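>
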Amino acid sequence: MEKEIGIIIPAYHAHDTIQRLLHSISIFSFIDKVAVCIVDDCDELNYDYLKNKFHNLDIIIFRNKENSGPGFSRNVGIQWARKNKIPFIMFADADDYFLNFDFWDKISDEEKTSNQYFIFNFFNDEMGCNVKDIDIWPFGKIYKTDVVINNYIEFPNSYCNEDVVFNFIYYSCIKNMYVNNTTIYFWKNTPNSLSRTKDYLYHSYPSLITDLTDAFY
24 MEKEIGIIIP
34 AYHAHDTIQR
44 LLHSISIFSF
54 IDKVAVCIVD
64 DCDELNYDYL
74 KNKFHNLDII
84 IFRNKENSGP
94 GFSRNVGIQW
104 ARKNKIPFIM
114 FADADDYFLN
124 FDFWDKISDE
134 EKTSNQYFIF
144 NFFNDEMGCN
154 VKDIDIWPFG
164 KIYKTDVVIN
174 NYIEFPNSYC
184 NEDVVFNFIY
194 YSCIKNMYVN
204 NTTIYFWKNT
214 PNSLSRTKDY
224 LYHSYPSLIT
234 DLTDAFY
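Start counting the sequence shown at 24; every next residue gets the next number (our numbering).
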């Protein structure tokens with residue numbers, strides 16, 4: 024069966040958590056329609072062992088030549104989806120996991136054809152509540168690959184706010200959007216991640232403004 028959704032996962036120092044994510048994907052009711060792309064961001068230990076642990080998952084693994092950040096890694100996944108003609112893509116972080124396993128089955132074929140953006144809730148571990156947003160986080164969202172490719176949308180090669188830039192541009196390129204109140208994803212608050220470091224927000228603003236400007240040009 025041809026794959027309908029490609030799930031793109033940047034991975035760096037993620038061996039303690041990525042199996043939980045893959046397990047949550049492996050029990051999707053529509054697993055035969057899913058392909059998983061893990062982009063190893065030059066980790067010390069490779070992720071090839073995961074293919075043997077998750078036999079029912081269609082997994083491909085790319086390895087960056089050097090540590091390049093989540094934006095670069097997601098762009099690698101986007102090009103993989105384009106080359107393999109996978110019509111829809113999702114992004115997941117290796118320390119997160121899915122909470123709902125049949126969300127794609129509940130969208131009709133007509134809705135899949137007529138919409139370019141699919142928005143669900145995700146649980147924000149830091150805030151302690153469900154969140155739905157359009158142009159900030161990439162979690163709980165399904166994107167149409169053709170919209171990304173035809174509008175030359177990509178993530179900045181930065182380590183902060185790269186998802187804000189991508190979503191902001193993507194949202195400006197769509198015509199129709201599907202919105203559902205189901206919570207499908209758990210975003211884990213990882214204390215030692217980049218976004219949790221001291222003064223992260225303050226120091227990230229200049230790069231965000233620069234990246235947005237470059238994206239529009």
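Glycine included, C-beta positions come from ideal geometry on N, C-alpha and C. Only a predicted model underlies this, so the values are computations on that prediction, with no experimental measurement involved.
For Y175, does the count of other Cβ atoms within 10 angstroms reach 16, so buried, or fall short, so exposed?
The residue is exposed, with fewer than 16 neighbouring Cβ atoms inside 10 Å.
> Between the beta-carbon of K56 and the beta-carbon of K26, is there less than 8 Å?
Cβ distance < 8 Å, so K56 and K26 count as in contact.
> In its own chain, which residues sit with a C-beta less than 6 Å from the C-beta of F95, not counting the 5 before and 5 after it?
Taken in chain order, the residues that qualify are N180.
> Straight-line CA distance for D81 to A58?
Their backbone Cα atoms lie some 5 Å apart in a straight line.
> Specify the secondary structure class of S218 as computed by DSSP and reduced to three states.
Reliability fails at S218, whose pLDDT of 43 lies under 50, so the model's placement of it is uncertain and the value that follows must be treated cautiously. S218 falls in the helix class under three-state DSSP.
> Where does N79 land, buried or exposed, given buried means 16+ other C-beta within 10 angstroms?
The residue is exposed, with fewer than 16 neighbouring Cβ atoms inside 10 Å.
> Quickly, what does DSSP pair R86 with across the bridge? List them, please.
For R86, which the question treats as bridged, DSSP gives the partners D63.
> Rounded to a whole number of angstroms, what is the C-alpha to C-alpha distance between L45 and Y120?
Taking the straight line from one Cα to the other gives about 8 Å.
> Take Y193 as the anchor and find which of T205, F178, V202 and W103 has the nearest alpha-carbon.
For Y193, the nearest C-alpha among the options comes from F178.
> Rounded to the nearest angstrom, what separates E67 and K198 at their Cα positions?
Answer to the nearest angstrom: the Cα atoms are 43 Å apart.
> Taking all protein chains shown into account, do 16 or more other C-beta atoms lie within 10 angstroms of the C-beta of N90, making it buried, or fewer, making it exposed?
Per the 10 Å Cβ criterion, exposed.
> Exposed or buried, which one is S218 when buried takes at least 16 other CB atoms within 10 Å?
Any answer about S218 is weak, because its pLDDT of 43 lies below 50 and its placement is not dependable; what the coordinates show is given next. It counts as exposed.
> State the CB to CB distance for the pair N123 and I207, rounded to an integer number of angstroms; the pair is presumed to be in contact (CB under 8 Å).
Right, their Cβ atoms sit about 4 Å apart.
> Who are F114's beta bridge partners in DSSP?
BP columns for F114 point to I31.
> How far does the beta strand (DSSP E) with T205 in it extend, from its first residue to its last?
Start and end: M200 to W210.
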